[in-house]
Amino acid sequence: MPQLTGPRRTMYPRFAWVLGAGASYDHGYPLVAEFLSDRYFRWLCDQCVALPASYMGPHNSLDRFLAAVDRYAAISGNFEEVLSTLHAKDGYEEVVSFVYDALVAASQITLLRQMGSTAEYAGLAALMLEQPTTSDTTVISFNYDTSVEDALAALSGHLERRLPPERLRFNYGFERVLDAVPSRTINWASHLPVAYPRGRVTVLKLHGSVNLMWCDACEAVVYFPYQAITKGPAETYRRCPACSSEPGRLIVPPGKRKQVPRALDSLWKMADARLKACDVAVILGYSVPSYDLEARELLGHSLRGKFVLLVDPNPGADTLAFFGAIPGCELRVLRTTASSFLRDELNSYDPRLLPTFQPLCAPAYLNPGALQGHARR
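Per our numbering, residue -9 is the first one in the sequence shown, and the count goes up by one each step.
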């Protein structure tokens, strides 16, 4: 498969990227099954030893994570079933907090690395920033982490020193976002509302994000970057700037029953429109699982007659059958990992960039032999 960077891009001027958990797995973010894996949380907390103490705290301790794993594993060995069982019950908010805390801990590991990103996501950012116009690239993500946004901010700053906030390279597709955190308290490049909504790459996070909150009282979307947790008394800012109510996390956990907040309705409609308008859709790390009915309906409807590149080293029969059943869909499978694909793209974009990134942190976890002495599940 020729690289997508360079002159070849003119063949497909409008790109849509569809990202699933597999796109972030090599970066330390958990797949659904990892939420019931004590081996994963032992690895995660080992990595977090290098973080400043203020980044973690007792709510993110290994004991707390392992106790939660045991509690949820007693309900079911399948995390989707755990979520379905607890849905609309008293324990549901607790399991959402468990998911949130695991994702934030994994995010901190990546943010403290050189350039605040990874070579893989910088490769994706390079593909996006190469587009000549402001409306040709859309990211449709079923992930909660901020890897795409962080990479866009990091690579933009690397290529253009002293990048002013108003030149930020992404937006979340909402009409309006309120900022819960005063700008003086945080200096990370993704301090979003300063530039919102002019960022050129639209990142539609259809299942929510770790840095977004939703005020049910006034229906405001509130930007609360988790980096702010370490910058001061976060509780001070956990109020809606518009009505002073307490917003909730804008996260839709994986599972067979999903309660999609009204805040995300407009994003699903925009995703449908952007997929219908694209020339090529690249599916990275997403197997279109059978339980994800909303996503299957969206993709099945909007990818009719489209060229689809599926990046997957070993696509399942159900995944291939799903795309094969879409009328007029021209499917091409690239049998490689998302990480290998994106590293190749970054190297094609600028060979000088790849050596400036530190290696991925996750392969030590992915290699079970590197975790001697740890219990495994």
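Glycine included, every Cβ here is placed at the ideal spot set by N, Cα and C.
Nearest neighbour of residue 237 by Cα position, chosen from 259, 243 and 213, turns out to be 213.
Assigned with DSSP and collapsed to three states, residue 296 falls in coil, not helix or strand. For the pair residue 195 and residue 128, the Cα-to-Cα distance works out to about 11 Å. A check of alpha carbon separations from residue 305 across 297, 296, 324 and 292 identifies 324 as the nearest. Look at the beta carbons and you see the region 255 to 263 not touching the region 311 to 326: under three pairs across the two are nearer than 8 Å. Scanning its chain for C-beta atoms nearer than 8 Å, with the 5 sequence neighbours on each side dropped, one finds around residue 291 the residues 262, in chain order.
Sorting 278, 280, 286 and 272 by C-alpha distance to the C-alpha of residue 301 places 272 at the top. In the DSSP annotation of this structure, the continuous segment of the beta strand (DSSP E) that includes residue 5 starts and ends at 5 to 9. With contacts defined as CB atoms closer than 7 Å, residue 141 and residue 112 qualify as a contacting pair. As a beta-bridge residue in DSSP terms, residue 195 pairs with 131. If you look at residue 314, you'll find it in the alpha helix (DSSP H) that goes 307 to 314.
Spatial neighbours of residue 110 in its own chain (CB-CB distance under 8 Å, excluding positions within 5 residues in sequence) are listed in chain order as 16, 17, 328, 329, 332, 333, 336 and 350. With contacts defined as CB atoms closer than 7 Å, residue 253 and residue 211 qualify as a contacting pair. Beta-bridge partners assigned by DSSP to residue 160: 191. Annotation: the continuous beta strand (DSSP E) that includes residue 322 extends over 320 to 324. Counting only runs that start and end inside the region 251 to 282, the beta strand (DSSP E) elements of at least 3 residues fall at 270 to 274.
DSSP places residue 54 inside the alpha helix (DSSP H), whose first and last residues are 52 to 63. Secondary structure at residue 200: strand, using DSSP grouped into helix, strand and coil. Here the alpha carbon of residue 64 sits roughly 14 Å from the alpha carbon of residue 23.
Straight across, the Cα-Cα distance linking residue 171 with residue 200 is about 15 Å. For the set 98, 228 and 13, the Cα lying nearest the Cα of residue 36 is the one of 98.
For the options 193, 25 and 6, the alpha carbon positioned closest to that of residue 137 is the one of 193. Between the alpha carbons of residue 276 and residue 270 lies a gap of roughly 16 Å. One alpha carbon belongs to residue 34, the other to residue 73, and they sit about 22 Å apart.
The C-beta distance from residue 293 to residue 265 rounds to 6 Å, short enough to meet the 8 Å contact threshold.
A distance below 6 Å between beta-carbons, with the five flanking residues on each side excluded, links residue 295 to the following residues of its chain, in chain order: 318. According to DSSP, residue pairing for residue 241 in a beta bridge involves 198. Between residue 32 and residue 52, the beta carbon gap of about 7 Å places them in contact (Cβ cut-off 8 Å). For the pair residue 134 and residue 342, the Cα-to-Cα distance works out to about 30 Å. In the three-state reduction of the DSSP assignment, residue 210 falls in the strand class. By the beta-carbon neighbour count (other beta carbons within 10 angstroms, threshold 16), residue 303 is exposed. When the beta-carbon positions are compared, residue 84 and residue 281 stay at least 7 Å from each other.
Nearest to residue 340 by C-alpha distance, out of 131, 76, 114 and 287, is 114.
CA-CA distance, residue 118 to residue 131, rounds to 14 Å. Around the beta carbon of residue 166, fewer than 16 other beta carbons lie within 10 angstroms, which makes this residue exposed.
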